[in-house]
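So the structure is just underneath, and the comments pick up after that.
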Amino acid sequence: MPRDSWIADLHIHSRYSMACSRDLELPNLAYWSRRKGISLLGTGDFTHPAWFAHLQENLVAAEPGLFVLGSSIEHRLPSSLPREPTRFMLSVEISTIYKRDDRTRKVHHLIYMPDFESAARFRESLLRAGCNLSSDGRPIIGLDSRDLLEITLEASADAFLVPAHIWTPWFSALGSKSGFDAIAHCYADLAEHIKAVETGLSSDPEMNQRVSSLDAYQLVSNSDAHSPQALAREATAFTCELDYFAVRAALATGVGLAGTIEFFPEEGKYHGDGHRDCGINWTPAQTREANGICSVCGRPVTVGVLARVEDLADRAQPVSSGKSVTHLIQLHEVLGEIEGVGPKSKTVEGKVNALVAALGPELDILTSVPISEVAAAGGELLAEGVRRLRAGKVTRVPGYDGEYGVIRLFEPDELHVGGDTLFDVPVVEKVVPPKRTVARKVTAPRKPVSAPPLPTAASPHEPFEPMLAGMEEVGTGLLDRLDAMQRVAASAPGGPLLIVAGPGTGKTRTLTHRVAYLCAEMNVYPEQCLAITFTRRAAEELRHRLGGLLGPVAKDVTVSTFHALALSLIREREPGFEVTDLDELMPKAVALLRDQGMEKRWPWVFVDEYQDVDPYQYELLRLLVPPDGNICAIGDPDQAIYSFRGADVQFFLRFSHDFTDARVVRLTRNYRSSAPIIAAAVQAIAPASLVPGRRLDPAKVDLEAPLIGRYTAASAADEAAFIAKKIDELVGGTSHRTKADVRGMTGASLSFGDIAVLYRTDAQAAAIVEALSRASIPVQKRSHDRLRDRSSVKAVVAELRLDNGLTGSISARLKATAQKLEQWEAADLLMPLAQRCGNDLERFLADVSTGAEVDALDPRAEAVTLLTLHAAKGLEFPVVFLAGCEDGLLPMRFPGRPPSEEDLAEERRLFFVGLTRAQRRLFISHSVRRMTFGGERDARPTPFLINIDSGLLDELGESSPRRPRDQQLRLL
DNA sequence: GAGTTGTGCTTTTTT
DNA sequence: AGCACAACTC
1 MPRDSWIADL HIHSRYSMAC SRDLELPNLA YWSRRKGISL LGTGDFTHPA
51 WFAHLQENLV AAEPGLFVLG SSIEHRLPSS LPREPTRFML SVEISTIYKR
101 DDRTRKVHHL IYMPDFESAA RFRESLLRAG CNLSSDGRPI IGLDSRDLLE
151 ITLEASADAF LVPAHIWTPW FSALGSKSGF DAIAHCYADL AEHIKAVETG
201 LSSDPEMNQR VSSLDAYQLV SNSDAHSPQA LAREATAFTC ELDYFAVRAA
251 LATGVGLAGT IEFFPEEGKY HGDGHRDCGI NWTPAQTREA NGICSVCGRP
301 VTVGVLARVE DLADRAQPVS SGKSVTHLIQ LHEVLGEIEG VGPKSKTVEG
351 KVNALVAALG PELDILTSVP ISEVAAAGGE LLAEGVRRLR AGKVTRVPGY
401 DGEYGVIRLF EPDELHVGGD TLFDVPVVEK VVPPKRTVAR KVTAPRKPVS
451 APPLPTAASP HEPFEPMLAG MEEVGTGLLD RLDAMQRVAA SAPGGPLLIV
501 AGPGTGKTRT LTHRVAYLCA EMNVYPEQCL AITFTRRAAE ELRHRLGGLL
551 GPVAKDVTVS TFHALALSLI REREPGFEVT DLDELMPKAV ALLRDQGMEK
601 RWPWVFVDEY QDVDPYQYEL LRLLVPPDGN ICAIGDPDQA IYSFRGADVQ
651 FFLRFSHDFT DARVVRLTRN YRSSAPIIAA AVQAIAPASL VPGRRLDPAK
701 VDLEAPLIGR YTAASAADEA AFIAKKIDEL VGGTSHRTKA DVRGMTGASL
751 SFGDIAVLYR TDAQAAAIVE ALSRASIPVQ KRSHDRLRDR SSVKAVVAEL
801 RLDNGLTGSI SARLKATAQK LEQWEAADLL MPLAQRCGND LERFLADVST
851 GAEVDALDPR AEAVTLLTLH AAKGLEFPVV FLAGCEDGLL PMRFPGRPPS
901 EEDLAEERRL FFVGLTRAQR RLFISHSVRR MTFGGERDAR PTPFLINIDS
951 GLLDELGESS PRRPRDQQLR LL
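Residue numbering for the first sequence follows UniProt numbering, starting at 1 and increasing by one per position.
Quick look at the structure:
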C-alpha cells in the first residue's frame, strides 16, 4: 500500500442484524476501528429504525458527507494509536429476493448516502414500496435489484450502490445459485450507475481480473464484519481526500483508490466446491470429474467462487489494474497459531492488546512495522510469521460450502518447543500459478460491459398472444390453442350458452377466444359485444387479453363491471346523474330499464362469474337479453361464495330455465394444479357439489408432484411459525443457509411473490404477519393496503379538483392540497404524474382515474401475499398455505346458532376455492387451540378434511405434545 | 335517566 | 360466547 493511503471498511453490520454481536454499537465500533487502523467506517444498517436513531443521536457532522462520534473514547485507547477520530459514512447492506426471467434472484447490495436527509428519504421510499425495515438491520426486500438502484438514485444524486461480495453462490450479483452472468444484467437499464463491486472474502482481485466484463468496475474489499473484532479483515485503501464525495469519485474513476487488503481467497467460506455435511472438499476440476455430484450423498455439490470465476472467466491470466493488493490473515489468527490456542482465546487477546500498545494499529503490525520491532515486542516466532505473511508464504486449505478455509504460516512441527528446526523446514510456496500481470497505467473510466437487451422489471411478462391482423383476415388457428371443450364453447353458435368452468380450466381464455372468434369469423361487430364482470380487476384483465387477441378493434367491445354499466345506463337517461350510494346503482338502472323498455344495443352479452349474480344483476341481464338471446354466461357454482352480500347461485342453476334452448358446455381440464391438489379439491367438494358428476382432470402429469402438507399446530402462533419456517425453506433460505425445499419445482424456483397465505377471517392475519415479519419475510396484505392507498389518493384528487382558489402548476397545487389534508404519502405518489401534466388539470384527473397510473408510480416489493379466502377467488399461486382449517373457523360457526345446510355448503365451497388456488404446493394447517369470540378454546380440524384421502396428505409433524388428559385416560 | 332488551358480530365489491 | 351499542321501557 502507498505510504500516504488511509484505510476504509465500508461494509459492516450493527447489533440489529441477524447473527451479529450485541457489541456492535458506535463507541465500540470507533474503539475497534482505531485499534485496527481504520480511518473511515461504514455505519451499516442505517435503514433499521433503532440503529438509524442511534446514528442520529451519536454522530456529528465532520468532513462533507462524513461523521464522527460525538463523545470521546480516547481514555479507552493506548497512546500508541494516532489520535485521529474514526470517520463514519452512512451505509447499509440490502438483500433483494425477487424473480426475474422465471428464476429466483438473491442479490446483496451496499448502499451509501451523503446525509441523514437522503437516508431518511431512502427509508421512506422502501417503506412505501412495502418493505419491512424493522426486523433486520440487513433488510430482505422483494424489489428487483434494478428498482432498488432506482430508489437509491432518487433518494440523492450523490447516493451510490456497490454490489456486495459479488461471487458468493447464494446471495450475490454473479452468484451461481441465484445471480446473473454479468453485473450489467442485474441492474439492467441503470447498470451504468454501478462503478465498483465488492469482491468478497472468497475471491481476490487476481481472480476477478480474469473476467473482462469486470474491467469496467473498481474492485473494493470490506470486512462484512458481524463483530467488532472482525473489522478490517478485508478493507480498501484510499489516497483521496477523506470525505464522502472524494470516496465516491475514487470508487467511480479509480483515481484516489490505492488498493485493497484481502483475505487469501482460499480462507473464504465459499472458495472451493463441496458438501460440508458429507466432508467433500473439491477443486473445480474434481467437481467436473464427478459431474458435479457428491460421491457421498449423490446430490449436486455446492459450487464455490473459484469454479464460478472459472465459468465466467474469459482470460487465462489476470490483467492487473495496477492497484496494490495485500493478502493478510488477522493478527489474532497469527497469534493463535503460534500459541496453539484459539484465535478468540484470552491468551491471544492479551497478546494482541500488548502488541497494539507497543506497536500501534493491528494493520500496521501486519503490513508495515519493521520486522525487528515486531520481534522485539512479540518474539522471533511472531516476527517470522509476519515475515512469511508479508511474503505470501502460507499454506492454504480452501474453504467450501460455508466452511471457512484455513491459512497456516507454520508447519505443525515448526512450532514444537525447542525452535531449532524453525528455519530448516522448507516453507510451502504459494499454490496458485505464478502471475503474469500486464501493467497498466491508465485508470480512466471504461465503458460498461455490453449486455444483451433485457426486459426491464417494469415491463410485465405477459404470455405471448398473437394478434389478428384485421377483421377481414380470418384468424386461422385462433382456436388451435384451445382444448377440445374450450373450442366447443368458444365456437358455439348464437343463443344462450352456459359454460360451467371449474377452477383452472381456462375460463377467461375461453371467454376471450369466444369473443374473438365471433368477431373474426362470425361477422359479429365488436361494438355489438358487451362483457360484464364483477370487479375492475377482472374487467381490466378481460380488456387486456381481448386486446391481445383482437388488436386495436378490441376497444370497440364494451367491457364493464355491473356497477359501471348501471351508471352509464342511468346517465344516458338522466344526464348529469352524480354517484350517490353505490347500492342504489343497480336498482335504479333496473327500474329505468323496466320503465323504458329493453336495451338492445348489445346483441351479444357475456357474463363472467355468473354464479355470483344477485337479483338486481340478474334482473338487469333479463332486461338486456331476450330469453332466446345471445347470452354467454360462464362460472362455477361450486365457487359461489358471496351469498352474504346477496348473490344467489340459483340463478346459475336455473339458467336453462330462464333462457330457452340453452347450450351447456363443461370445462373440466385443469391447467393450474398438480394432480394431488386437484384430487383433494374434488374429494373435498364432492359432498356438496352443485355440479352433477363434478370432475376435474389434471392436464399436467407429474409423478414427482408433492403431496399436500398438513400441519397440526399447538397454537395460532405455532401455526404462524410453521408457515414462516416453511416459506424460508421454499425460497431456499433468506439469510443464513436453510435446508432448501425444492420439491415440485422442476425447472423453476420460488420467490416471495409466488406464495400466498389464505385464511377465513381477517383476524387470523395478525399472528401470521407477526411471525413472517420476525423472520424477515416480506408480507403484503392484499386489498386492504391498496384500498387505503387508493382512498387517500382519491381524497387528495377530489380536494384538488374542488379548490378553485388554487392557481399555478398542478404540482404546486398538489403540494398545497397535501399540506391542507396532511396526506403526504398520497401526494408523494402523485407528484411525478403532476409534474408531467404541467398545468393541464384535465389530463391529470384523467390519468389518475385510470388507476393503473397510480399503481405504476408505486413499485411494489415482491412479498408473500396474505388474503382472505374470499379475496383469493380468481387468483392462483405456485404455493398456497391454507391456515386455520378448523371446525368453527372453516366452516365458520357462531356459538348457539347452528349453521344451516346451505351455510355449511357455502363454507365448503370456500374451502374448495382455497384448495384450488394452489399450483404446485399446498399446505393445510390447523391449531388445537384458538382464540375465537373472545376466548381461547380447543379446536378440531375442519370436518371437510375427512373427505380427503389420507394418502394425499403428508403429515408434517405434530408440534403439540399429547395432552395430559389423554394420557390419563389411557392409564385408566 | 336508569335499567332492560335486542342485535350484530365473519366474509367484501361496486362510480 | 360475550361484548358493544342502540333502542326500548318505566
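C-beta atoms are modelled at their ideal positions from N, C-alpha and C, and glycine is treated no differently.
Limits of the beta strand (DSSP E) - the one that residue i falls within
| i | result |
| --- | --- |
| S927 | A918 to S927 |
| L621 | First-last for L621: P615 to L624, but that is the alpha helix (DSSP H), not the beta strand (DSSP E). |
| S324 | S324 to H327 |
| R940 | Here R940 belongs to no beta strand (DSSP E), and DSSP marks it neither H nor E. |
| N281 | I280 to W282 |
| residue 993 | There is no way to answer for residue 993, as the model of the chain reaches only from 1 to 972. |
| S91 | R87 to R100 |
| residue 980 | Since the first residue shown for the chain is 1 and the last is 972, residue 980 is missing from the structure and cannot be characterised. |
| T395 | T395 to V397 |
| G42 | L40 to G42 |
| Q218 | Q218 to V220 |
| L667 | R663 to L667 |
| residue 983 | A question about residue 983 goes unanswered here, because the residues of the chain that appear run from 1 up to 972. |
| H712 | Here residue 712 turns out to be Thr, not His, going by the sequence shown. Taken as a continuous stretch (DSSP letters only), the beta strand (DSSP E) holding T712 covers I708 to A713. |
| D9 | W6 to D9 |
Rounded Cβ spacing between residue i and residue j (contact assumed at less than 8 Å)
| i | j | result |
| --- | --- | --- |
| D636 | A501 | 6 Å |
| L624 | E584 | Wrong, their Cβ atoms sit about 19 Å apart, outside the cutoff. |
| V305 | S203 | 5 Å |
Residue i classed as buried or exposed, judged by whether at least 16 other C-beta atoms fall within 10 angstroms
| i | result |
| --- | --- |
| T104 | buried |
| L90 | buried |
| Q330 | buried |
| V701 | exposed |
| I677 | buried |
| N630 | buried |
| G419 | Here the model assigns G419 a pLDDT of 41, short of 50, so the residue's position is not dependable and the matter cannot be decided. |
| V296 | exposed |
| L10 | buried |
| A591 | exposed |
| I946 | exposed |
| D762 | exposed |
| A354 | exposed |
Close Cβ partners of residue i (< 6 Å) along its chain, the five nearest in sequence each way excluded
| i | result |
| --- | --- |
| D158 | P114 |
| A252 | K195 |
| R315 | R210 |
| P941 | H926 |
| I151 | S125 |
| K177 | P169 and W170 |
Range covered by the alpha helix (DSSP H) that runs through residue i
| i | result |
| --- | --- |
| W602 | Where W602 is concerned, there is no enclosing alpha helix (DSSP H), given that its DSSP letter is neither H nor E. |
| R908 | E901 to L915 |
| E198 | It is not in any alpha helix (DSSP H) - E198 instead sits in the beta strand (DSSP E) that spans A196 to E198. |
| V590 | L582 to Q596 |
| A717 | A716 to L730 |
| D364 | E362 to T367 |
| C632 | Taken as a continuous stretch (DSSP letters only), C632 belongs to no alpha helix (DSSP H), being part of the beta strand (DSSP E) at N630 to G635. |
Sequence-distant residues of the same chain with beta carbon closer than 7 Å to residue i, five excluded per side
| i | result |
| --- | --- |
| A721 | A771 |
| S221 | E198, T199, E234, A235, T236, T260, I261 and E262 |
| R408 | E337, V394 and T395 |
| V913 | Q639, I641, L869, A872 and K873 |
| A699 | R669, N670 and Y671 |
Cβ neighbours of residue i in the same chain (closer than 8 Å, five flanking residues each side left out)
| i | result |
| --- | --- |
| E936 | R929 and R930 |
- Secondary structure, alpha helix (DSSP H): runs of 4+ residues fully inside the stretch 498–563: 507–521 and 536–550
- Task: Identify every run of the beta strand (DSSP E) within the stretch 374–409, keeping only runs that are complete inside it and at least 3 residues long; order them along the chain.
- Result: 395–397 and 406–408
- Those runs of the beta strand (DSSP E) which lie wholly inside the stretch 331–363 and span at least 3 residues: You should have found no qualifying run.
- Task: Kindly provide the ranges of any beta strand (DSSP E) runs that are 3 or more residues long and lie completely inside the stretch 36–81, ordered along the chain.
- Result: 40–42, 59–61 and 67–69
- Item | Inside the stretch 865–896 only - alpha helix (DSSP H) runs reaching at least 4 residues | 869–872
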